[in-house]
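Worksheet: one structure, shown below.
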Amino acid sequence: MQMYSLLLVGTILLVVAALCVFTGQTNRKNIDNQVEVLTNHLETFAANKENTLSYIYMELIGNYSSLDNLRQFLTLDSTEYFYSSENAWNAFKVDSRIPTIVSPFFYAFPDLETIHVVLDDLPGYYRASQGMPKGEKRNEPLEVPTGFTLQRLIVDPLSFQPIGTLYTTFSTKAALGSFAKFSQKAGVSIFAMDQYNQMVFAQPQMLSSGDQTKVKTALKSGAVLPSELESQSILYQKKAPVGLSYAILVNRGLLMRKNFWIFAIIISVGTLLASTLLIILRQTFTRYLRQVGAIMDVTRAIGAGDLKARVDTCEVQEELYDLATSINFMVASLDQFIKENYDLEIKQRDAHMRALQSQINPHFLYNTLEYIRMYALSRQQEELAEVVYAFSALLRNNTTQEKTTTLEKELSFCEKYVYLHQMRYPDQIAYHFSIADDLKQLVIPKFTIQPLIENYFVHGLNHTHYDNAISVRVTKEGKWVMIRISDNGKGMTAERLAEIRDQIATEEEQISASIGIKNVHERLKSFFGKEGYQMEIRPTYQEQGVTILLKIREEGVRRFV
81 MQMYSLLLVG TILLVVAALC VFTGQTNRKN IDNQVEVLTN HLETFAANKE
131 NTLSYIYMEL IGNYSSLDNL RQFLTLDSTE YFYSSENAWN AFKVDSRIPT
181 IVSPFFYAFP DLETIHVVLD DLPGYYRASQ GMPKGEKRNE PLEVPTGFTL
231 QRLIVDPLSF QPIGTLYTTF STKAALGSFA KFSQKAGVSI FAMDQYNQMV
281 FAQPQMLSSG DQTKVKTALK SGAVLPSELE SQSILYQKKA PVGLSYAILV
331 NRGLLMRKNF WIFAIIISVG TLLASTLLII LRQTFTRYLR QVGAIMDVTR
381 AIGAGDLKAR VDTCEVQEEL YDLATSINFM VASLDQFIKE NYDLEIKQRD
431 AHMRALQSQI NPHFLYNTLE YIRMYALSRQ QEELAEVVYA FSALLRNNTT
481 QEKTTTLEKE LSFCEKYVYL HQMRYPDQIA YHFSIADDLK QLVIPKFTIQ
531 PLIENYFVHG LNHTHYDNAI SVRVTKEGKW VMIRISDNGK GMTAERLAEI
581 RDQIATEEEQ ISASIGIKNV HERLKSFFGK EGYQMEIRPT YQEQGVTILL
631 KIREEGVRRF V
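Sequential numbering of the sequence shown, starting at 81, is according to our numbering.
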């Protein structure tokens, strides 16, 4: 039951965790989508209002006479400006009064909140709003209006030099549109700056003044938003085609709070479901627990040595019946198993004793060979003594049980092997062995190089020549230990060489004449791994002799200590 309970609870926990992760990712994705749509909406809104600003600019100060009319409105008192406007009416039958020009803007553009006009050479400015559409002139310094504010430099039509600024402020509600509720609910702070590094729109939500300053500074300098803001906000930054730079920050706390309540609901439902299923599962398995308890009592008795104990199969059902039957069968057979194991142990001891006895004969043979060597030395037969010594060393090496050896010992063994062949053909064979001092203690599998040398004497030795030679060199090249076995024997045809290379490359078992090379390759590959060992076979000269190169990565080789 515990396993089923754990499995059930674990499955529900995994589902709950997956739902929580999915919900969190979905909420974050929704935020990303909403911000993307909001950014597109602001870009469209800004582009439309740029057109509105252009229209107001052309109507209000688009030519020299309009600019002069505005200047008179700001410098003359109301009486003087009235007579000046009356003269224009009498001359051109056009009402050029500033209030008459400005007030229709607020009816034509309901989302237009204020208009500010500032001339750099005058101390005051002109202001009109929805509440005062005809406008008024003010003599105090202008405070930058809040809201979605677009500005444009007033350019002198004659000198083309900037002489002032036109500000148009639009409704924040219109700027955000349907995203106003999302902005407030998600704690979205929006900042937009134009190409003149002037803040077009700023709506901070749950953002400290210091963080607001950091955002504005980053937008002004064109830099990426500071990373320290990511601890409290999700950052979005975008450069719009109309020249506005946007920075949108979504409060992480509100998103986490939303996720928390959703997670709480999911976890509560998961907990309730798990509790209900566990109760049902417990009721279902109560009967099984009693049967398992009876079986466990019997197994404890068996463990204590009571081989007469049996499970009453009349009290168990279904799969537990099969289990009880198996236990009874096991107990009935236990004595026989013990006896068989005891007999097997006796047989193993006998085999071990025979193995010890078999070691007596090699020792006797070593001693006899040593006696022959010493006798040869006493008779001044140094060459015979050397041959006996080499043969004795070969025999001793073949009968030892070690699976690995050092490079130095392996080469010493191979040198004695070649020496014995040289004694058979004293004027026909020459050999040379060399190994770098720092590579002598590297550990390799035993009988790794000897089969490759034996291949030369079996297949490559030319008995009609007197310049047969074989060499074994062990060097280090970069990260690789290089073992080269080279001879000047009969060599191989190109077809035979290709066949052996294919046999080495394949991992399938094959019966071939090159089984010695294949075995050496497989042993080294198993010992050092595919990445730590390579074998190459090529002619020593042009279709003469064979060179076998064993490449072993040094970092994968142990050293004998």
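Using N, Cα and C, we set each Cβ at its ideal position, and we do this for glycine too.
Only a predicted model underlies this, so the values are computations on that prediction, with no experimental measurement involved.
Within its chain, find whatever has a CB closer than 7 Å to the CB of Ala593; leave out the 5 residues flanking it on each side and keep chain order.
As a position in the sequence shown, residue 593 is number 513, starting the count at 1. A caution first: Ala593 carries a pLDDT of 48, below 50, which makes its placement in the model unreliable, though a value can still be read off. For Ala593, where only same-chain residues beyond five positions count, there are no Cβ hits under 7 Å.
Host beta strand (DSSP E) of Ser566 (start-end)
For the purposes of this step, residue 566 is taken as residue 486 along the sequence shown, with counting starting at 1. Run containing Ser566: 560 to 567, per the beta strand (DSSP E) assignment.
Span separating the alpha-carbon of Ser258 from that of Tyr163:
Locating residue 258 in the sequence shown gives position 178, counting from the first residue. Locating residue 163 in the sequence shown gives position 83, counting from the first residue. If you take the alpha carbons of Ser258 and Tyr163, they lie about 48 Å apart.
Which class does Gln622 belong to by DSSP, given the choice of helix, strand or coil?
As a working mapping, residue 622 is identified with position 542 in the sequence shown. Of the three classes helix, strand and coil, the one that applies to Gln622 here is coil, per DSSP.
Out of Thr573, Asp386, Val197, Met376, state which residue places its alpha-carbon closest to the alpha-carbon of Val396.
Position 316 of the sequence shown, counting from 1, holds the residue named residue 396. For Val396, the nearest C-alpha among the options comes from Met376.
Take every Cβ of the region 245 to 258, pair it with every Cβ of the region 184 to 201, and state whether three or more of those distances are shorter than 8 Å.
yes
Around the Cβ of Cys494, are there at least 16 other Cβ atoms within 10 angstroms (buried) or fewer (exposed)?
Taking the first residue of the sequence shown as position 1, residue 494 is located at position 414. Burial call: buried.
Would you say Tyr187 and Leu154 are within 9 Å of each other, going by their C-beta atoms?
Along the sequence shown, one-based indexing puts residue 187 at 107. Along the sequence shown, one-based indexing puts residue 154 at 74. Taking 9 Å as the cut-off, the beta carbon of Tyr187 is found no closer than this to the beta carbon of Leu154.
Rounded straight-line distance, which links the Cα of Arg218 to that of Ile243:
Numbered from its first residue, the sequence shown carries residue 243 at position 163. Numbered from its first residue, the sequence shown carries residue 218 at position 138. Straight-line Cα distance between these residues: approximately 18 Å.
Does the Cβ of Val391 have 16 or more other Cβ atoms within 10 Å, making it buried, or fewer, making it exposed?
Your numbering for residue 391 matches position 311 in the sequence shown. Burial call: buried.
Looking at the structure shown, is Met503 part of a helix, part of a strand, or coil, going by DSSP?
Residue numbering aside, residue 503 sits at position 423 when the sequence shown is read from its first letter. Note: Met503 maps to helix in three-state DSSP.
Thinking just about the alpha-carbon of each residue, which of Thr180, Leu233, Thr245 is nearest to the one in Pro213?
Residue 213 sits at position 133 when you count from the first residue of the sequence shown. Checking every option, the nearest Cα to that of Pro213 belongs to Thr180.
Ile642 to Leu88, Cα distance in whole Å?
The question about residue 642 has no answer here: the residues shown for the chain are numbered 81 through 641.
Do you know offhand how far Glu490's Cα is from Thr544's?
Translated into positions along the sequence shown, residue 490 becomes position 410. Translated into positions along the sequence shown, residue 544 becomes position 464. Roughly 30 Å separates the two Cα atoms.
Residue-level contact to chain E via CB, Ser413, 9 Å cutoff
Absent from the structure: chain E. Only one protein chain is present.
So what does Asn219 bridge to, in DSSP terms?
In the sequence shown, the residue the question calls residue 219 occupies position 139. DSSP, once it has assigned bridges, lists no residue as partnering Asn219.
Between which two residues does the beta strand (DSSP E) harbouring Gln283 extend?
The residue you call residue 283 lines up with position 203 of the sequence shown. From DSSP, the beta strand (DSSP E) with Gln283 extends over 279 to 283.
Spatial neighbours of Ile591 in its chain, beta-carbon cut-off 7 Å, leaving aside the 5 residues before and after
Along the sequence shown, one-based indexing puts residue 591 at 511. Because Ile591 carries a pLDDT of 46, less than 50, the predicted location of this residue cannot be relied on, and no value is offered for it.
For Ser176, which of helix, strand or coil comes out of DSSP?
For the purposes of this step, residue 176 is identified with residue 96 of the sequence shown, where counting begins at 1. Three-state result, Ser176: coil.
Are the region 328 to 336 and the region 271 to 289 touching by the rule of at least three beta carbon pairs closer than 8 Å?
When C-beta atoms of the region 328 to 336 are compared with those of the region 271 to 289, three or more pairs fall below 8 Å, so the two segments count as touching.
Through-space distance from Gln283 to Val224, alpha-carbon basis
In the sequence shown, counting from the first residue as 1, residue 224 sits at position 144. In the sequence shown, counting from the first residue as 1, residue 283 sits at position 203. C-alpha separation (whole angstroms): 15 Å.
Taking the straight line between their C-alpha atoms, what separation do you get for Tyr135 and Phe185?
For this step, residue 135 is matched to residue 55 along the sequence shown. For this step, residue 185 is matched to residue 105 along the sequence shown. Take the alpha-carbon of Tyr135 and the one of Phe185: they are about 9 Å apart.
Which parts of the region 291 to 335 are runs of the beta strand (DSSP E), unbroken and 3 residues or longer, counting only runs that do not cross its ends?
313 to 319, 325 to 331
So, Thr486 versus Leu522, is the Cβ gap smaller than 9 Å?
Walking along the sequence shown from the start, residue 486 turns up at place 406. Walking along the sequence shown from the start, residue 522 turns up at place 442. Yes, they are a contact pair.
With a threshold of 7 Å on Cβ separation, who are the neighbours of His501 within its own chain once the five nearest residues in sequence on each side are excluded?
Numbered from 1 along the sequence shown, position 421 holds the residue referred to as residue 501. These residues qualify, in order along the chain: Ile509, Phe537.
DSSP state of Glu611, grouped into three classes?
Counted from its first residue, the sequence shown places residue 611 at position 531. It is helical.
Can Met271 and Phe262 be called in contact, C-beta distance under 9 Å?
Sequence index remark: in the sequence shown, residue 271 carries index 191 (1-based). Sequence index remark: in the sequence shown, residue 262 carries index 182 (1-based). Reading off the sequence, residue 271 comes out as Phe, not Met. Cβ distance not < 9 Å, so Phe271 and Phe262 don't count as in contact.
Under 6 Å Cβ to Cβ from Glu623, same chain only, skipping five residues before and after it: list those, please.
In the sequence shown, residue 623 corresponds to position 543, counting from 1. So the qualifying residues of the chain are Gly571.
At what residues does the beta strand (DSSP E) containing Lys193 begin and finish?
In the sequence shown, counting from the first residue as 1, residue 193 sits at position 113. Checking the displayed sequence, the identity of residue 193 turns out to be Glu instead of Lys. Run containing Glu193: 192 to 199, per the beta strand (DSSP E) assignment.
Contacts around Ile440, its chain only, beta-carbon distance under 6 Å, and the 5 residues preceding and following it disregarded
Locating residue 440 in the sequence shown gives position 360, where the first residue counts as 1. Low confidence applies here, because Ile440 scores a pLDDT of 49, under 50, leaving its location unreliable; read the following figure in that light. Contacts found: none.
Provide the residue span of the alpha helix (DSSP H) that contains Leu256, from first to last.
Reading the sequence shown from its first residue, position 176 is the one you call residue 256. Unbroken alpha helix (DSSP H) run through Leu256: 252 to 256.
Other residues of its chain near Gly333: CB distance less than 8 Å, five sequence neighbours each side excluded
Here residue 333 refers to the residue found at position 253 when the sequence shown is read from its first residue. The residues are Gly267, Met286, Gln312.
Are the region 600 to 612 and the region 522 to 532 in contact at 8 Å, needing three or more beta carbon pairs?
yes
Can you look up His512 in the DSSP assignment and give me helix, strand or coil?
The count along the sequence shown starts at 1 and reaches residue 512 at position 432. Residue state, collapsed to three classes: strand.
Where Ser42 and Arg108 are concerned, what is the direct C-alpha to C-alpha distance, given to the nearest angstrom?
Residue 42 is absent from the structure shown; the chain starts at 81 and stops at 641.
Could you tell me the alpha carbon to alpha carbon distance between Leu630 and Gly558, rounded to whole angstroms?
Translated into the one-based positions of the sequence shown, residue 630 becomes position 550. Translated into the one-based positions of the sequence shown, residue 558 becomes position 478. Rounded to the nearest angstrom, the two C-alpha atoms are 14 Å apart.
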